[in-house]
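Residue numbers (my numbering): 1 to 156.
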């Protein structure tokens with residue numbers, strides 16, 4: 001009985017193996033994927049052109065990164081400041097070390113110094129600054145985020 005069972009198993013295995021497709025060359029597959037994505041993508045503007053210099057004339061933006069101890073945020077702020085200089089508006093980075101009281105002080109500074117926009121940068125959760133952001137909105141400031149906070153992230 002065992003011989004019949006073993007013979008049946010080997011016959012079925014041989015049949016299954018012969019009907020399976022031959023595996024493709026993984027290196028060729030990888031090269032084909034790379035080649036398909038080698039071309040520079042075509043940029044399609046999301047809307048009508050506008051004059052950024054006119055739009056931002058005499059505007060002031062205070063950016064509050066989650067922390068300036070994070071190298072990514074330091075580089076992000078440098079790039080944003082460079083873009084602001086090119087467009088021609090005041091861009092200030094609020095230096096902080098990942099402390100709630102420093103973020104609160106930044107919002108207060110933006111209100112007292114008549115900034116037009118407060119930018120929460122690098123993943124700063126706007127929920128922790130709810131009262132301060134409400135006050136800023138009441139004073140006419142716009143609130144924006146750079147590198148959005150992930151709203152699916154569980155609350156701590």
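Cβ atoms here follow ideal geometry from the backbone N, Cα and C, with glycine treated the same way.
Local conformation of residue 67 per DSSP, three classes: In the displayed model, residue 67 falls within coil according to three-state DSSP, outside both helix and strand.
Proximity of residue 123 and residue 66 at Cβ, strictly below 8 Å: The answer is yes: Cβ separation under 8 Å.
With 16 other Cβ atoms within 10 Å as the buried cut-off, status of residue 77: Buried is the label assigned to residue 77, since at least 16 other Cβ atoms lie within 10 Å of its Cβ.
Any beta strand (DSSP E) of 3 or more consecutive residues that is wholly inside the region 54–106: 60–65, 90–93
Buried versus exposed, by CB contacts within 10 Å (16 or more), residue 120: buried
contact_flag[the region 47–64, the region 28–36] where n(CB pairs < 8 Å) is 3 or more: no
Three-pair Cβ contact test at 8 Å for the region 103–110 versus the region 126–135: yes
Min CB distance residue 79 to chain D below 8 Å: Checking the listed chains, one finds no chain D in this structure; it contains a single protein chain.
Under the three-state DSSP convention, the category residue 39 falls into: coil
Backbone CA spacing between residue 91 and residue 56 [nearest angstrom]: 11 Å
Start and end residues, alpha helix (DSSP H) containing residue 136: 130–138
Environment of residue 42 [buried if 16+ CB atoms lie within 10 Å]: With fewer than 16 other CB atoms across the displayed protein chains lying within 10 angstroms of its CB, residue 42 is exposed.
Beta-ladder partner(s) of residue 144, from DSSP: 119
Residues of its chain near residue 146, where Cβ-Cβ distance is below 8 Å and the 5 sequence neighbours each way are ignored: 63, 76, 80, 119, 120, 121, 122
Residue 93 classed as buried or exposed, judged by whether at least 16 other C-beta atoms fall within 10 angstroms: buried
Spatial distance of residue 103 from residue 96 (CA atoms): Straight-line Cα distance between these residues: approximately 7 Å.
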